[in-house]
Ligand code: IPE
Ligand code: IPE
Ligand code: MG
């Protein structure tokens with residue numbers, strides 16, 4: 039039987055979702071550095087792996103709520119290229135959990151119109167995981183709901199470096215001339231070219247760093263750091279982060295007065311358009 043998330047909202051969730059949506063500035067793309075699984079487990083005298091297992095429950099909840107809130111893009115940093123340096127048994131468990139997540143969730147994601155995407159050096163993943171991931175991407179490629187990206191074996195510098203190599207090849211083959219390499223064109227060579235830059239980056243567990251996540255794309259992202267460990271980060275903590283984001287003024291280098299002016303102008307324009315739709 040299909041588990042439809044749109045039918046699984048409590049009265050309280052519905053009210054809160056309506057309240058958030060009515061604030062009117064929901065991020066289009068939310069990216070999350072899911073950190074603190076190990077410490078969550080340690081605090082409970084459990085093995086680190088227990089934190090990773092519980093962390094999957096947070097993934098389930100945040101994916102579901104993002105879809106219910108009609109957030110268009112959600113990117114989850116699940117495993118960095120640097121994480122390969124962890125003790126082998128921990129890496130093995132993480133790969134097993136990833137495989138299990140993909141096996142168990144893909145049908146439910148598909149039923150809820152989620153399109154699954156992955157970025158990172160995917161061929162470094164165990165063959166089984168890589169195959170499952172590609173099957174899942176293929177199965178969901180025509181879905182039009184939440185665009186869910188898993189960053190796996192990912193490194194921001196690696197992706198920028200890879201883009202430079204691809205560009206160099208195109209220049210050598212005469213497909214591209216150096217003058218045409220604008221910022222916009224450069225970005226089309228990144229693995230993230232199918233999505234807008236993140237509006238909001240959330241990092242759990244209180245660490246104030248990007249840890250090689252989306253280095254190019256986060257140039258103007260709002261950053262929200264919470265002390266909450268990832269396995270404890272569920273919908274209420276997410277609502278808090280979204281509310282905080284929506285109170286911010288994004289200036290992109292301009293002054294506050296300019297931003298105010300532009301937004302009152304755009305309200306004025308909307309009113310004018312309503313009266314004179316063709317003008
Ligand atoms: C995040 O939690 C999960 C991964 C990086 C795979 P950590 O495992 O980094 O947890 P801490 O930071 O050691 O608490
Ligand atoms: C960042 O967490 C990577 C992921 C959340 C997947 P880490 O725990 O690996 O980051 P550092 O090493 O503390 O910066
Ligand atoms: Mg960590």
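Residue numbers (our numbering): 39 to 317. Virtual Cβ for every residue (Gly too), placed ideally from N, Cα, C. Since the model is a prediction, treat every value here as computed from it, not as a measurement.
When only Cα atoms are considered, residue 303 and residue 295 end up about 12 angstroms apart. For residue 59, the uninterrupted alpha helix (DSSP H) segment begins and ends at 49-60.
Assigned with DSSP and collapsed to three states, residue 299 falls in helix.
With a cutoff of 7 angstroms, residue 157 does not count as near ligand 2, since its C-beta is closer than that to no heavy atom of the ligand. When the alpha-carbon of residue 269 is set against those of 49, 76, 47, 69, the nearest one is in 76.
The region 209-225 makes no contact with the region 237-249, as fewer than three CB pairs between them are under 8 angstroms. One Cα belongs to residue 154, the other to residue 178, and the distance between them is close to 6 angstroms. Nearest to residue 140 by C-alpha distance, out of 150, 160, 127, 167, is 167. Taking 7 angstroms as the cut-off, the C-beta of residue 51 does not count as close to any heavy atom of ligand 1. Counted as a single uninterrupted DSSP element, the beta strand (DSSP E) harbouring residue 189 occupies residues 185-192. Note that the C-beta distance between residue 151 and residue 182 is below 8 angstroms.
Residue 176 holds the alpha-carbon nearest to the alpha-carbon of residue 147 among 65, 176, 58. Taking all protein chains shown into account, residue 105 has 16 or more neighbouring C-beta atoms within 10 Å of its C-beta and is therefore buried. Residue 266 and residue 208 have their alpha carbons spaced roughly 45 angstroms apart.
Look at residue 258 here: in three-state DSSP terms it is coil, with no helix or strand label. For residue 76, the distance from the CB to the nearest heavy atom of ligand 3 is below 7 angstroms.
Going by beta carbons, residue 78 and residue 91 fall outside the 8 angstroms limit.
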